[in-house]
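First comes the structure, then the notes that go with it.
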Amino acid sequence: MCVVYQFVGRLTELFNQGDGKWNECGRTEQLQNTLNPEWATQIRIQYFFEEKQTMRFEIYDIDSTSTDLSAHDFLGRVECDLAEIVSNRPFRKSLRFAWLTLVNEKKREKKGNKYKNSGTLEFDGVQLLKHYSFLDFIAGGTQLDFAVAVDFTASNGAVHKPTSLHYINPTQPNQYEIAIRAVIDICQHYNNSKLFDAFGFGAILPPDTCVSPVELKRTDSVVGLLGLLEAYRFALNRVKLYGPTNFAPVIREIAKKASGLPSNGSRYQVLLIITDGAISDMAATKAAIIAASSLPLSIIIVGVGDDEFENMHELDSDDRALSHAGHIAQRDIVQFVPLREILPDDCTGAESERVMGLLAREVLAEIPKQLTSYMKKKNITPRPPDDPFPKDAEAGRESILLKV
1 MCVVYQFVGR LTELFNQGDG KWNECGRTEQ LQNTLNPEWA TQIRIQYFFE EKQTMRFEIY
61 DIDSTSTDLS AHDFLGRVEC DLAEIVSNRP FRKSLRFAWL TLVNEKKREK KGNKYKNSGT
121 LEFDGVQLLK HYSFLDFIAG GTQLDFAVAV DFTASNGAVH KPTSLHYINP TQPNQYEIAI
181 RAVIDICQHY NNSKLFDAFG FGAILPPDTC VSPVELKRTD SVVGLLGLLE AYRFALNRVK
241 LYGPTNFAPV IREIAKKASG LPSNGSRYQV LLIITDGAIS DMAATKAAII AASSLPLSII
301 IVGVGDDEFE NMHELDSDDR ALSHAGHIAQ RDIVQFVPLR EILPDDCTGA ESERVMGLLA
361 REVLAEIPKQ LTSYMKKKNI TPRPPDDPFP KDAEAGRESI LLKV
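Counting from 1, position 399 in the sequence shown corresponds to residue 399 in the UniProt record's numbering; the numbering is continuous, with no gaps.
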């Protein structure tokens, strides 16, 4: 028998229990006399893309009909994030069509009980315009590509000073590291290759004197969360903080990559920008975002430090489409969150874990809607779960049935 649990609360790294508990979600049926059980029980799990959902699966050798697990032999357990397994979930949906009776109210009143109908309407051809969910596309093999762009302008403060937003504290992450870890810790499970692009802006790379997007990586790829953090720290010791805070160059760079992605919906690009202040090239940034709004791309902006970020809210156009110089964005692709609204003044190393969970929930909440809006606009339907895109393809809130 397999017993399924979900952790509720804050979980520290490496699955050590933090402030929370394991809730039992369900148990499979008991199978007798088999060393390779295949359970048919389906367990319903509430799925949140923007949250880290940790699952535990415990296997027992059943010796009696007792529901007390201590009465059975414990064989082992495995723990993982729900995001790691959702792409393989099985599901079926059925549709039922019927005849529709046409009723004329005036004739029915006139004829009374003698009235039957005014004819029948039969659908001999049906075109189903289905609203596919984010999970439908993930189950069909859609991969999320990620890029991170870090603000290396001088307004962050000298990196060796404890007051700097880039200061590396051995006991707790800085605000840039909190933002990177919060987003990538969840998002890395939606990319099989775990290869990410890492950029910086507003810096000078000695011996050059020009300012442009700087690739943080030393090799052709950055692997996973640890690779991104390593590239970030490597860059801190290599670049000279300068300015200005220009978003447009890095947005155009990532938009160029997104424009080259397959048109079948197998891949979708997400750009995370972390910045400490106001944008210096607002007009160019608006133009770049509007131009990119037709591409498979979402942009997450996290503001660090104490800046008010007044002009940043112009880009996060939830109420109306972003416009500039007579051009209008095809869809909303930007989500902005200031970290100071979540981060307490006296944040400790342990507290930063909770902050990461809250930040991830805020910044990732719109990604499912943005992805599905792009797919709908391009008339792209997801591949069926039993025939997904190959894993090596260059490539809201829902319930899922978890089959173990």
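Every residue gets a Cβ at the ideal spot worked out from N, C-alpha and C, and that includes glycine. Note that the structure is predicted; figures quoted are calculated from it, not measured.
Problem set entry | Extent of the continuous beta strand (DSSP E) run through E58 | 54–61
Problem set entry | Whole-angstrom distance between G303 and L236, CA atom to CA atom | 19 Å
Exercise. To the nearest angstrom, how far is it from the Cα of I59 to the Cα of D318?
Worked result: 46 Å
For this session: Kindly list the residues whose CB is nearer than 6 Å to the CB of S193, restricted to its own chain and excluding five residues on each side of it in sequence; keep chain order.
Result: none
Exercise. Just to confirm, are T171 and F389 a CB contact at a threshold of 8 Å?
Worked result: no
For this session: May I ask which residues mark the beginning and end of the beta strand (DSSP E) holding I274?
Result: 267–275
Problem set entry | For P368, the first and last residue of its enclosing alpha helix (DSSP H) | 367–377
For this session: Kindly indicate the opening and closing residues of the beta strand (DSSP E) around Q335.
Result: 334–338
Problem set entry | Terminal residues of the alpha helix (DSSP H) in which S259 lies | 248–259
Problem set entry | Contacts around T285, its chain only, beta-carbon distance under 6 Å, and the 5 residues preceding and following it disregarded | F247, A248, I279
For this session: Mind the definition here: the stretch 143–150 touches the stretch 261–269 only if three or more C-beta pairs lie below 8 Å; say whether that holds.
Result: yes
Problem set entry | The alpha helix (DSSP H) enclosing L225, as first and last residue numbers | 224–236
Problem set entry | Boundaries (first-last residue) of the beta strand (DSSP E) holding I178 | Taken as a continuous stretch (DSSP letters only), I178 belongs to no beta strand (DSSP E), being part of the alpha helix (DSSP H) at 175–187.
Exercise. Hey, residue 426 and S293 are a contact pair by Cβ (cut 8 Å); roughly how many whole angstroms apart?
Worked result: For the chain, the structure presents residues 1 to 404; residue 426 sits outside this window and is missing.
For this session: Quick one: measure Cβ to Cβ for residue 438 and A203, integer angstroms, because I've assumed they're closer than 8 Å.
Result: Nothing can be reported for residue 438, as the shown portion of the chain is limited to 1 through 404.
For this session: Grab me the residues of F137's own chain with a C-beta within less than 6 Å of its C-beta, minus the 5 sequence neighbours each way, in chain order.
Result: P382
Exercise. What is the DSSP secondary structure of Y5, reduced to helix, strand or coil?
Worked result: strand
Problem set entry | Distance between E51 and T41 (C-alpha atoms, nearest Å) | 25 Å
Problem set entry | Endpoints, the alpha helix (DSSP H) within which I45 is located | That residue, I45, is in no alpha helix (DSSP H); its beta strand (DSSP E) goes 42–48.
For this session: Using 10 angstroms around the beta-carbon of L226, count the other beta-carbons present and answer buried if the total reaches 16, otherwise exposed.
Result: exposed
Exercise. At which residues does the beta strand (DSSP E) containing L82 begin and terminate?
Worked result: That residue, L82, is in no beta strand (DSSP E); it is neither H nor E in DSSP.
For this session: Just mark A179 as buried or exposed, buried being the case when its beta carbon has 16 or more other beta carbons within 10 Å.
Result: buried
Exercise. Does the distance from the C-beta atom of S298 to that of I274 stay below 8 Å?
Worked result: no
For this session: Give every residue of the same chain whose Cβ lies closer than 6 Å to the Cβ of R181, excluding the five residues on either side of it in the sequence, and list them in chain order.
Result: M356
Exercise. To the nearest whole angstrom, what separates the beta carbons of M1 and Q30, a pair I think is in contact under 8 Å?
Worked result: 5 Å
Exercise. Between S373 and the rest of its own chain, which residues show a CB-CB distance below 6 Å, the 5 nearest in sequence each way excluded?
Worked result: R331
Problem set entry | Extent of the continuous alpha helix (DSSP H) to which I279 belongs | Element bounds for I279: n/a, residue is neither H nor E.
Problem set entry | Within 8 Å, strictly: CB atoms of L228 and T153 | no
Exercise. Going by alpha carbons, who is nearest to K378 out of P262, E351, Y232, P384?
Worked result: P262
Exercise. Which two residues bound the contiguous beta strand (DSSP E) that contains D136?
Worked result: Looking at the DSSP string, D136 is not in any beta strand (DSSP E); the run it does join, the alpha helix (DSSP H), is 134–139.
Exercise. Taking the DSSP output, what are the residues bridged to I300?
Worked result: L272, Q335
Problem set entry | Residue range of the beta strand (DSSP E) that includes Q143 | 143–151
Problem set entry | I301 vs L315 beta-carbon contact at 8 Å | yes
Exercise. If you check the beta carbons only, do A83 and I184 fall under 8 Å apart?
Worked result: no
Problem set entry | Residues of its chain near N33, where Cβ-Cβ distance is below 8 Å and the 5 sequence neighbours each way are ignored | none
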